[in-house]
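Chains as they are written, first to last, in our numbering: chain A, 94 to 412; chain B, 133 to 435; chain C, 855 to 1156.
Each residue gets a CB set at the ideal place from its N, CA and C atoms; glycine is no exception.
One structure is given here, and the rest of the page talks about it.
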């Protein structure tokens, strides 16, 4: 396994008490595998990504559990070592390409510096490699654009540059947080295809965080569905999309509008994701669940076998 | 009771409690303001009542010095006025001028900033160019100019009684630019927001939108600037008075007191100038600290 | 008689740098044509969807219709009672300093409609007690409900909805879409529904217009547009929609990006990205005939 996360718990101490943003999150990603992490805002999917790469905003902290990268524990590394690890072993792609690029340097310089910082290459080799990378991510005429600044690129091209940067040091793990959300549909499809191809070629593990089930369906092998800081369902993409097991996933899938489907009212899940300071006891989804029963009110379900997938729902408890 | 509870629980109250420096500054401010407000009743002596003055008590040092007298805790000046009393009355004038000048600058600056930011175009260009020109002069120079102009324009006998309003206008006028700039910036951000467009779709007039929608959303920074500006305005007033163009010596502010005392500094009567000076420092410093705290507390990024 | 009629409506924006910079740098004035010769009829009771990528001018069309912008050219005729608008960002569309009650009551007080705030709140699925709260106490979906209540307070017969669910989570989006179609049925509303999301538009719209660089390139009944798209751009957009069914259908890879609207390509503005473009497309702007603006379609080449 490239990435293993065990019982991860993230807390935000505030003056009104400690908020638990993640609670008992466990998953793993194999080399060459794309794990989609899907959830609505407030589910904790971005926090999971940030916790893994050690970029939780203070006062947020990992209070329990562990994160292993290729068998080595990384959640307790000092910040300096973690910084080296990001870029070298872990590539990161954020939603807004502008936050990942330094506006004052040309993209060529940024790529070269990243490569030189992480790989034992000469300046000339670094340049050759940068140009090859830019070509690989689909930047037309890389040599001509090498000396351009980030603002001279369009949104889609910028995201390609960010992907080139993330891949520069041949990382083993790629964490992509909403990589296509800020882009237009036509660009989105191009970026998804690119991510998928590059990850497969390098057999890197990819954690793809998104709210868009469509992106997951196109890209991921497995998918983890998050709700209120916990994973409520994990399974292969096909199983989760076609035969969701957790009532939340069922509702989520039903609420996604589809083209060409005969028009009928969308399935709606009433209510909204609870805020961190008001997570219900028992199963956090029970106030919105149409299939709840007594057990759901005060006993919290862990992931259990449900068909070919795992679901955190008492409906699937062995009788 | 419930209201008190809510105030106590408010984020501002919380960040206030957590900052000891701010609590001390607030306490000092309350003491200064209280002493100034209550001066006519609480001061040991009425320094403006000629009949109450005793010239033979002139130049009495503070009570703890050799020739000090218990009835003049901080000593007296050349006319036998009790220093503590003059400070209390002086702070009253300083604070009054400072606050009034800030209110004037605030109303003028916020109005012009709103108009400039919301209407844009030529109105904006004119207002902002005036602001640019004014910013190229030091504030004290502008206040001096206005004050000087008033001196020439007003007949001599009217001048003394109008001195304080003129001072307020002069200091206030010298300070409107920073309000206008800040409010203009926030207004330009707010007017693009969809709630303003929603009000326009309903058909509300620009002035109504400016006052009822935009204004409440741009006041946060104004409050911070205003607080810090009070300190600056007090200093400006003190400077003008020290230069002799501020309030008349018959109703001295802290600045006037420092100027009067300055003449005696080298002849050994240090207390006449040092105590008003200290009072000024404490007042300005505590107001400034309050302003700094308010700025940080209202800034969501630093929270 | 259509309820709303747009006749060759265009809108320019002056995006020149300030006068002084322009003179010093010898730069000409720069005019951005955000909407170019758009004609559109909307009948009472129908929902017309308008789709396109960012910068295609769809939001400008919305703002032209409700009068937030004046058209540079062309005419907009409205024969109904009143237009209102629902905005995209539920966080920016409610004044954070106003109580919900005052927000919803603003159109009532200003326009003098006989609506009741409590009734409106109930109608959009909120409790009358919510009127005492401030917007920040609500989630995105609830805020969008408040926004809808405010729009209804003006007693409109036409609602312009600019990406009303784009900022919402899918499960909440479903709630809002269901609420909107429910209200349409009960109140006989007419909608112009603007979105970049084709799937959402396919759920709500009776007719759909596709915009590219300020022009409508295709306009057709929804069923027809989604099953038999004609314009190459519409086809490309449909191909780009992620496939939830995972049918593994073959897809033409999407090419290129939207060009800079300040310097749009000559002729048909889509020609640099179009697999069917020829010399005529590079030269000549295609006329909008019979629901589509494309030389290749009209010549029968595709």
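Practice item. Output the distance between the C-alpha atoms of residue 969(C) and residue 344(B), rounded to the nearest integer angstrom. Key: Approximately 22 Å, taken between the alpha carbons.
Check your understanding: Distance, Cα to Cα, residue 341(B) vs residue 148(B)?
Key -> 33 Å
Check your understanding: Among all the DSSP beta bridges, which residues are the ones paired with residue 931(C)?
Key -> 859(C)
**Study point:** Any chain A beta carbon closer than 8 Å to residue 1112(C)
**Key:** It does: the Cβ of residue 1112(C) has a partner Cβ on chain A nearer than 8 Å.
Point to revise | Exposure of residue 170(B), with buried meaning 16 or more beta-carbon neighbours within 10 Å | key: exposed
Review point. DSSP state of residue 1014(C), grouped into three classes?
Key: Note: residue 1014(C) maps to strand in three-state DSSP.
Practice item. Step through the CB atoms of chain A and report whether any lies within less than 8 Å of the CB of residue 907(C). Key: yes
Review point. Cβ atoms of residue 199(B) and residue 192(B): under 8 Å apart, would you say?
Key: In this structure, residue 192(B) lies near residue 199(B), with their beta-carbon atoms less than 8 Å apart.
Check your understanding: Mind checking whether residue 273(A) and residue 239(A) have CB atoms under 8 Å apart?
Key -> no
Check your understanding: Can you list, in chain order, the stretches of the alpha helix (DSSP H) that have 4 or more residues and sit fully within the region 1093-1137 of chain C?
Key -> 1133-1137
**Study point:** Buried/exposed call for residue 376(B), threshold 16 Cβ in 10 Å
**Key:** Exposed: under 16 other Cβ atoms inside 10 Å.
Exercise for review: Less than 8 Å between the CB atoms is what I'm expecting for residue 937(C) and residue 958(C), so what's the real figure, rounded?
Suggested key: Wrong, their Cβ atoms sit about 18 Å apart, outside the cutoff.
Review point. Would a C-beta distance cut-off of 8 Å place residue 249(A) and residue 1017(C) closer than the cut-off?
Key: no
Review point. Going by Cα to Cα distance, which pick from 995(C), 1009(C), 919(C), 1148(C) is closest to residue 329(B)?
Key: 919(C)
Review point. Which residues in the same chain as residue 434(B) place their Cβ atom closer than 8 Å to its Cβ, once the five residues preceding and following it in sequence are excluded?
Key: In this prediction, residue 434(B) scores a pLDDT of 47, lower than 50, which makes its location untrustworthy; the coordinate-derived value is nonetheless stated afterwards. Once the five neighbours on either side are set aside, the close Cβ partners of residue 434(B) are 428.
Check your understanding: Would you say residue 847(C) faces chain A, with C-beta separation under 8 Å as the test?
Key -> Residue numbering for chain C in the displayed model covers 855 to 1156; residue 847(C) lies beyond these limits and cannot be assessed.
Exercise for review: Tell me, please, whether the CB atom of residue 1154(C) is closer than 8 Å to any CB atom in chain B?
Suggested key: no
Review point. Looking at C-alpha atoms only, which residue of 965(C), 916(C), 924(C) is the closest neighbour of residue 941(C)?
Key: 916(C)
Practice item. Can you pull the chain B residues whose beta carbon is under 8 Å from the beta carbon of residue 1047(C), in chain order? Key: Going along chain B, no residue has its Cβ under 8 Å from residue 1047(C), so there is no contact; the nearest lies around 17 Å.
Review point. So which residues on chain B does residue 1090(C) lean against when the C-beta distance must stay under 9 Å?
Key: Ordered by position in chain B, no residue passes the 9 Å Cβ test against residue 1090(C), which lies about 30 Å from the chain.
Check your understanding: From residue 327(B) to residue 430(B), what does the alpha carbon distance come to, in whole angstroms?
Key -> 22 Å
Review point. Within the 8 Å Cβ cut-off, does residue 1150(C) reach chain A?
Key: no
Check your understanding: With a cut-off of 8 Å, does the C-beta of residue 211(B) fall near any C-beta of chain C?
Key -> no
Review point. According to DSSP, is residue 941(C) helix, strand or coil?
Key: coil
**Study point:** Within chain B, partners of residue 961(C) - CB distance below 8 Å
**Key:** 334
Practice item. Give the range of the alpha helix (DSSP H) segment to which residue 1043(C) is assigned. Key: Run containing residue 1043(C): none; DSSP gives neither H nor E here.
**Study point:** Given residue 260(B) as reference, the closest of 351(B), 337(B), 311(B), 217(B) once Cα atoms are compared
**Key:** 311(B)
Check your understanding: So what does DSSP say about residue 424(B), is it helix, strand or coil?
Key -> The answer is helix: DSSP assigns residue 424(B) an H, G or I state.
Check your understanding: What whole-angstrom Cβ distance do residue 229(B) and residue 263(B) have, given they're in contact under 8 Å?
Key -> About 23 Å separates the two Cβ atoms, so there is no contact after all.
Exercise for review: Give the secondary structure of residue 1025(C) by DSSP, where H, G and I count as helix, E and B as strand, and everything else as coil.
Suggested key: Helix at residue 1025(C).
Practice item. Compute the beta-carbon to beta-carbon distance between residue 407(B) and residue 215(B), rounded to the nearest angstrom, for a pair I have assumed lies under 8 Å. Key: Approximately 5 Å separates the beta-carbon atoms of residue 407(B) and residue 215(B); this is inside 8 Å, confirming the contact.
Practice item. Please classify residue 378(B): is it buried, with 16 or more other beta-carbons within 10 angstroms of its beta-carbon, or exposed? Key: buried
**Study point:** Own chain residues within Cβ distance below 7 Å of residue 168(B), not counting five before or after
**Key:** Taken in chain order, the residues that qualify are 220, 223, 224, 227.
Review point. Under the three-state reduction of DSSP, which class applies to residue 870(C): helix, strand or coil?
Key: coil
Point to revise | Among 233(A), 180(A), 229(A), 236(A), nearest to residue 212(A) - alpha-carbon criterion | key: 180(A)
Check your understanding: Would residue 183(A) pass as a contact of residue 266(A) if the rule is Cβ separation under 8 Å?
Key -> yes
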